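Numbering (this note's numbering), first residue to last: 27 to 251.
Beta carbons are placed, not taken as given, at the ideal position from N, Cα and C, and that holds for glycine.
Keep in mind the model is a prediction, meaning the values are calculated, not measured.
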């Protein structure tokens with residue numbers, strides 16, 4: 027069975043004017059996502075809409091490696107857009123447009139269960155940076171202190187952490203959830219306020235979240251059955 031998740035991720039966030047939203051969504055769903063899924067190295071894709079935080083729209087592309095974005099096939103589509111793309115791509119119509127390319131940093135390898143996992147019905151996405159001098163401690167505590175504590179939260183699926191190779195801020199955590207309600211559960215709120223003394227006293231005060239982060243998103247494409 028072909029993998030659905032790999033070691034790369036492209037996240038495209040956008041806010042668009044209300045007057046173009048309907049056509050923007052049709053373009054994304056009917057042309058753009060199928061076009062990108064035809065590119066070698068693009069394993070899966072989905073679209074989401076924010077229920078908390080932002081920007082409002084998120085397109086998530088699972089890549090075998092981050093280098094898939096630099097492939098001849100991907101660059102061909104970028105350099106030879108269709109007429110519809112020339113009118114509706116987020117780089118043209120969006121009032122906020124963020125296109126970030128990432129490489130996986132945690133877990134170090136892609137577990138088979140993750141590689142075969144479908145696009146999550148809901149995401150909580152944290153985009154953040156920390157001072158360079160505490161990055162090593164930040165990553166160690168996040169990976170080995172914070173994330174293990176998510177196990178057992180009802181409806182929680184998995185978390186992956188990535189480092190930006192294009193765009194900023196430098197780090198992103200993608201929490202996959204069975205529904206957006208998980209992000210409002212008592213168990214999730216308890217996790218958010220927890221962590222070791224080092225996390226609470228050293229890391230958290232120096233974390234800087236991007237505007238709109240963390241964002242909670244529900245999937246629009248493929249539709250949630």
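Closest by C-alpha distance to residue i, when choosing among the options
i           : options               : result
residue 91  : 190, 251 and 234      : 190
residue 44  : 154, 131 and 119      : 119
residue 149 : 242, 246 and 50       : 242
residue 224 : 200, 202, 208 and 166 : 166
residue 113 : 47, 88 and 131        : 47
Beta carbon proximity, residue i to chain C, threshold 8 Å
i           : result
residue 230 : Absence of chain C from the displayed structure is noted, only one protein chain being present.
Where residue i falls, given that 16 or more other Cβ within 10 Å makes a residue buried
i           : result
residue 216 : exposed
residue 7   : Nothing can be reported for residue 7, as the shown portion of the chain is limited to 27 through 251.
residue 170 : exposed
Coil, strand or helix - residue i by DSSP
i           : result
residue 241 : strand
residue 70  : strand
residue 122 : strand
residue 208 : helix
residue 192 : strand
residue 216 : helix
residue 47  : helix
residue 27  : coil
Span separating the alpha-carbon of residue i from that of residue j
i           : j           : result
residue 71  : residue 56  : 13 Å
residue 95  : residue 245 : 23 Å
residue 61  : residue 69  : 12 Å
residue 133 : residue 249 : 28 Å
residue 201 : residue 155 : 17 Å
Beta-bridge pairing of residue i - partner residues as DSSP gives them
i           : result
residue 41  : 122
residue 89  : 34 and 68
residue 151 : 200 and 241
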